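Peer 1:
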Amino acid sequence: MSDIDVDLRMSDLPEEKNDPFEESEEGTETQETEGHVQILNLSKSDPFAEPQKGGGTHEGFIHIRIQQRNGRKTLTTVQGISEDYDKKKLVKAFKKEFACNGTVVDHPEYGEVIQLQGDQRNHICEFLTNVGLANKDQIKMHGF
Numbered sequence: 004m005s006d007i008d009v010d011l012r013m014s015d016l017p018e019e020k021n022d023p024f025e026e027s028e029e030g031t032e033t034q035e036t037e038g039h040v041q042i043l044n045l046s047k048s049d050p051f052a053e054p055q056k057g058g059g060t061h062e063g064f065i066h067i068r069i070q071q072r073n074g075r076k077t078l079t080t081v082q083g084i085s086e087d088y089d090k091k092k093l094v095k096a097f098k099k100e101f102a103c104n105g106t107v108v109d110h111p112e113y114g115e116v117i118q119l120q121g122d123q124r125n126h127i128c129e130f131l132t133n134v135g136l137a138n139k140d141q142i143k144m145h146g147f
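Count along the sequence shown starting at 1, add 3, and that's the number in the working numbering.
Pasting the structure below:
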């Protein structure tokens, strides 16, 4: 084969797109710079899809609430901890650390909720951030 035949065959190939942003079959955008390909968007998000579990939270936030029982007695509830963690072991650690009683209650709307005696909101917030189960911005404290 001569060099002329090779040049003719190369010219028979379809032309490549010169668009730096191109849409591939999976829906990801790629950009070519100096022979390297950079992926700009790995996947499209579906707003109606189930939320992704991230860290120790379920649906993004851990809610810490306080409820007044009778007189001076209060009850602290913790809701939104991911299903990946054993809540009974967390309650055991809370009880030992805060010197209070606690239990896991199955709520029909919120799922498993941790209940602790007394106002333990600040203690729980510090414990969850120190252990690394949640960030400070993932914890919502409610109550008076």
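Positions of the beta carbon are idealized from the N, C-alpha and C atoms, including for glycine.
A quick note: this is a predicted structure, and the numbers were derived from the prediction, not measured.
1. Output needed for M144: all residues of its chain with C-beta closer than 7 Å, excluding positions within five of it in sequence on either side, in chain order.
2. In terms of residue numbering, what span does the beta strand (DSSP E) encompassing L136 cover?
3. From the DSSP output, in three-state form, read off R75 for me.
4. Would V116 pass as a contact of T80 if the rule is Cβ separation under 8 Å?
5. Does the separation of the CB atoms of V108 and V94 fall below 8 Å?
6. Leaving aside the five residues before and after R72 along the sequence, list all residues of the same chain whose C-beta is less than 6 Å from its C-beta, in chain order.
7. Can you list the beta strand (DSSP E) stretches of 3 or more residues lying completely in the region 66–119, in chain order?
8. Work out the CA separation of N133 and K99 for me, nearest whole Å.
Peer 2: With the structure as the only source:
1. Here residue 144 corresponds to residue number 141 of the sequence shown, with the count starting at 1. Sequence-distant partners of M144 (beyond 5 residues in either direction) whose C-beta falls short of 7 Å from its own C-beta, in its chain, are I67, R124, C128.
2. By one-based count along the sequence shown, residue 136 stands at place 133. Here L136 belongs to no beta strand (DSSP E), and DSSP marks it neither H nor E.
3. Counting from one through the sequence shown, the residue named residue 75 turns up at place 72. DSSP places R75 outside both helix and strand once states are collapsed to three, so it counts as coil.
4. One-based indexing of the sequence shown puts residue 116 at position 113. One-based indexing of the sequence shown puts residue 80 at position 77. Against a cut-off of 8 Å, the Cβ pair of T80 and V116 comes out as a contact.
5. Mapped onto the sequence shown, residue 108 falls at position 105. Mapped onto the sequence shown, residue 94 falls at position 91. Taking 8 Å as the Cβ cut-off, V108 and V94 do not qualify as a contacting pair.
6. The residue you call residue 72 lines up with position 69 of the sequence shown. Excluding residues within five positions, the ones whose Cβ falls inside 6 Å are L78.
7. Counting whole runs of 3 or more residues, the region 66–119 contains the beta strand (DSSP E) stretches 77–82, 105–110.
8. On the sequence shown, residue 99 is found 96 positions in, with the first residue counted as 1. On the sequence shown, residue 133 is found 130 positions in, with the first residue counted as 1. The C-alpha of K99 lies about 16 Å from the C-alpha of N133.
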